[in-house]
Every structure is written in C-alpha cells, then in structure tokens.
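Single-structure report; data block below.
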Amino acid sequence: MRATIAIDDALFEEAFSLSNVKTKKELINLSLQEFIRKKRLEHLAGMYSSGAVAMTCEELEEYRTDDK
Numbered sequence: 065m066r067a068t069i070a071i072d073d074a075l076f077e078e079a080f081s082l083s084n085v086k087t088k089k090e091l092i093n094l095s096l097q098e099f100i101r102k103k104r105l106e107h108l109a110g111m112y113s114s115g116a117v118a119m120t121c122e123e124l125e126e127y128r129t130d131d132k
C-alpha cells in the first residue's frame, strides 16, 4: 500500500537510530509489527487475568511467537 503521511521528524529519527533497519519502509513495517505484537499480548494478558483463558506454557509460547 502506498500512502503519504506526516510523521514527527524527531520521533522518526530516534526510532530509526534505535533500530537496525536500513530503509524508511523497513522502519514503518517493524513499527507496525511491534504495535500488533504488543496489542495481542495485552489482549492475551487481559483474557488470562480474567480467567477467560487457561493455556499451557507450550500454548502460550506458541501464541507469543506466532507472526500471524
């Protein structure tokens, strides 16, 4: 997908300097992947703490490393 967006320069530069990526596209994709991973883990933690989910350690590890 192509898009034109306005990004905070200082925020972008800091993220770029902290990562090992070489292109802007890689940085955006990495940022989106990390955002999704964080939100999935937050959702899982909420379900687990409410007792709605009972997973084994193996199932939790599989969920944690799943890139889908």
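Residue numbers are given in the working numbering: position 48 of the sequence shown equals residue 112, and the series is strictly consecutive. Glycine included, each C-beta is placed from N, C-alpha and C at the ideal position.
Contact check, residue i vs residue j, beta carbons under 8 angstroms
i     : j     : result
Ala70 : Ser95 : no
Leu91 : Ser81 : no
Through-space distance from residue j to residue i, alpha-carbon basis
i      : j      : result
Asp72  : Lys89  : 16 angstroms
Glu98  : His107 : 14 angstroms
Ser114 : Phe76  : 36 angstroms
Endpoints, alpha helix (DSSP H) assigned at residue i
i      : result
Arg128 : 121 to 129
Ala74  : 73 to 82
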